[in-house]
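As they're listed, the protein sequences go chains A and B.
Going by this note's numbering, the first sequence runs without a break in its numbering and finishes at 89.
Going by this note's numbering, the second sequence runs without a break in its numbering and finishes at 1402.
Take a look at the structure below.
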Amino acid sequence: MKEEFKQKISDALDLPKDIVLDLSRIIITGKISIFLENHKGIIEYSKDLVRIKTTSGVVAIKGKGLVIKSIIVDEITVEGKLETIEFED
Amino acid sequence: MLLIKLWNYLRGYVIIKISGEYCERLLNQAALNGLYLWDITKPENNVLFAKIGIKDFTRLARFAKKTGCRLVIVGRAGLFFSILKLKKRKILLTGAALFILAVYLLSSLVWGIEVKTDDNKLKSSIKRDLMNWGIKKGTFKHRIDKEYYLDKILIKYKEIAWAELQIKGSQVIVELVKKQMPPELEQNEPCDIIASKDGIIEEILPFKGEAMVKPGDTVSRGDIIISGRLTLKSNDLDEEKKEEQQEVLVHAKGIVRARVWYQKVVKVPLVKKEKFPTGNTKKAYRINVGNRALRFQLGAIPYSLYDKKVTRKIQLLPKIFGDVGLSSITYIELEEKERFIGMKEAIKQAEEQLEQEVNKLESDAKINKRSIDFTLDNDKKHVIGSLTLEVLEDIGLQRQIK
C-alpha cells in the first residue's frame, strides 16, 4: 500500500525512483562489469557467483572469474565474465 | 575511485589473505565501517584475497577477530614500501644522487662562448680576451660577474657602442653593436676649415692654408674660413700656362676665434605646484626571481598621487640558487598644493635656470658680455627671463676637400 503510493507520487512528479523508493541502481557495462549502488551487503561470494542483498531482494550475479573490484558502504563493483543476473525474492 | 587508488598507492597498501567461513561478513563489516577494500578475489572456498591501505588494515584486524576470520599479509606495495625497499639499496641511491649532482654540475659550467657580430676580427679578439679574463670552457657560470666583463669589453673596445652578456644554458652569448665612428682626418689629408656657428670673426691665425676672411667679417655656418686650396701664382708669362693655374691642396690648420651669440628664454610660473606627503602609506611586497618581479599587495593603490619607496631587500636563497629576493614597497600618498611664490622668487628661479645654461657652454669659451632681462608674461602668471650671451670661442671645424 505504502510502496504503491510512493510509486504513484514518483510517477506523477517524475522523481527518480531509486531515491523515492529506496531502490538499488544497477549499471552493467557490456559483459565485463556490473556496478551496484545502494546495496545491503554481500551474502555469498565465490568466483562463479556473487549474491548481493538489496532492498528489493537478492541480486545473484553468475559468471566466471568474478572479482569484487571495490566495495564501500553503498557501492559494489564486480568484474569478470558475466553470464546471468537474477533477481531472487 | 582513481583518486582513492592513487592516494592508497602513495600511502602504501597490503595484499591480504582472508581465510574463514564467513569471509563475506567481514567484507560487509568493513564496507559498513568505511574501510575501503579493492580487487577482492576468491580463488578457492573459504579463502579471499584483497587489497587494503595500511592504515585501514589495523582496523580490519579488529573486525576479523569478531567474525572469526584469519588475516595474513601476503604482499606489500605502494610508494611507502618502495621507499623502504630503496633504503636498503644504498649503492643504487648514491648512484642516482651522484647522477643528479653530475648533471647539475655539468650544466652549471660554461661550454661555449659566442660573440654575435659580423666583424670576424672583433669576434675572435673578444673571444680571446674573454678567455684571458677568465671565461672559458669549464668556468662556473654562477661565478661570472656580467657587469665586470661588460665593463672590461666596453673599456677595451672603444668601437663598441652597446654590449650585452647573456648566459643561456651552458652558453655565454655576447651581443654587440658597433659604433659608427666619424672618420678622423689624417694629418696630410687636404681639408678646409669652416665655421661651425654663425658669428663675427674676432681673430684669425692661419697656420697652413689661406685665410678667406678678415677680423670683423660676419660668417655664417658652413662658410670656408681657411681654405686648403692654394693657388700658385706662376711667374711664367706664357699665356697658356697662366690659364691653368696650379692648385695645391693642403691640410688647413689655424685658430679662428669669433664672437658668437646665444639666446635662451625660460618661463617660470608665479604659482608653483608642490607635492607634500599626507602621511598615509600603504605597503606591498615584491619577490624578485632574477630579473622577474612578482608583486603582491592587498587591493589597489587608493591614492591618485603617490611616491614609491622600495624599503629593503632580503636575499631569500643563497646566490647559487639564483637571485631570489624579497623587498617591501611603501606607497606614500602625496597632495598637491599651489603656492604663490611672488616676483622676486620667480626671478631668482629663472636666473638659476639660465645660469645652468651658461654652464653647459664649452669650457674654452670666454664670455664677453651677458645680459638678462625679466618681463611679465601677458597672462601675468609667468615670469619670462631671457639671457643673451656674447661668447668668444673657437668656431673652426675641419672639412675634407673632395
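A virtual CB, placed ideally from N, CA and C, is assigned to each residue, including glycine.
Only a predicted model underlies this, so the values are computations on that prediction, with no experimental measurement involved.
Annotation for TYR1157/B: no alpha helix (DSSP H) segment contains it, and DSSP assigns it neither H nor E. GLU1336/B and LYS1116/B have their C-alpha atoms some 50 angstroms from each other. Boundaries of the alpha helix (DSSP H) harbouring SER1107/B: 1090 to 1107, taken from the DSSP string. Annotated three-state conformation of ALA1293/B is strand, per DSSP. Per the coordinates, the alpha-carbon of LYS1308/B lies some 12 angstroms from the alpha-carbon of PRO1277/B.
Under DSSP, ARG1070/B forms a beta bridge with SER1019/B. In the DSSP assignment, GLN7/A falls within the alpha helix (DSSP H) that extends over 2 to 13. Interface with chain A (9 angstroms Cβ-Cβ cutoff): GLY1012/B is excluded. Look at the beta carbons and you see the stretch 1010 to 1019 of chain B not touching the stretch 71 to 80 of chain A: under three pairs across the two are nearer than 8 angstroms. Cβ contact annotation for ARG1076/B (same chain, cutoff 6 angstroms, sequence separation greater than five): VAL1014, in chain order. Ranked by Cα distance from GLY1138/B, the first of GLU1114/B, VAL1110/B, ILE1160/B and LEU1165/B is VAL1110/B.
The DSSP-derived three-state label of LYS1141/B is helix. ALA1031/B carries a helical assignment under DSSP once its states are collapsed to helix, strand and coil. If you draw a straight line from the Cα of TRP1162/B to the Cα of LYS1283/B, it comes to about 37 angstroms.
When C-beta distances to chain B are compared with 7 angstroms, the residues of the stretch 62 to 77 of chain A below that value are VAL67, ILE68, LYS69, SER70, ILE71, ILE72 and VAL73, in chain order. In the DSSP annotation of this structure, the continuous segment of the beta strand (DSSP E) that includes GLY1254/B starts and ends at 1253 to 1269. A Cβ-Cβ contact shorter than 9 angstroms links ILE28/A with ILE34/A. By the C-beta density criterion, LEU1130/B is buried, having at least 16 other C-beta atoms within 10 angstroms. In the structure shown, ALA1300/B falls within a coil segment according to DSSP collapsed to helix, strand and coil. In chain order, VAL73 make up the part of chain A whose C-beta sits under 7 angstroms from the C-beta of GLY1034/B. HIS39, LYS40, GLY41, ILE42, ILE43 and GLU44: these are the residues of the stretch 14 to 44 of chain A whose beta carbon lies less than 9 angstroms from some beta carbon of chain B, given in chain order. Bounds of the alpha helix (DSSP H) holding GLY1342/B are 1342 to 1359. By the 16-neighbour rule on beta-carbons within 10 angstroms, ILE1135/B is buried.
Here ARG1062/B is exposed: its Cβ has fewer than 16 other Cβ atoms, across all protein chains shown, within 10 Å. Between the stretch 42 to 53 of chain A and the stretch 1026 to 1042 of chain B, the count of C-beta pairs closer than 8 angstroms reaches three or more; the two stretches touch. Short of 8 angstroms from the beta carbon of LYS69/A, and not among the five residues preceding or following it, lie these beta carbons of its own chain, in chain order: SER33, THR77, VAL78 and GLU79. When the five nearest sequence neighbours on each side are left out, the beta carbons in the same chain lying within less than 6 angstroms of the beta carbon of VAL1268/B are those of ALA1346, GLN1349, ALA1350 and VAL1383, in order along the chain. In the structure shown, ARG1221/B adopts coil according to DSSP, grouped into three states.
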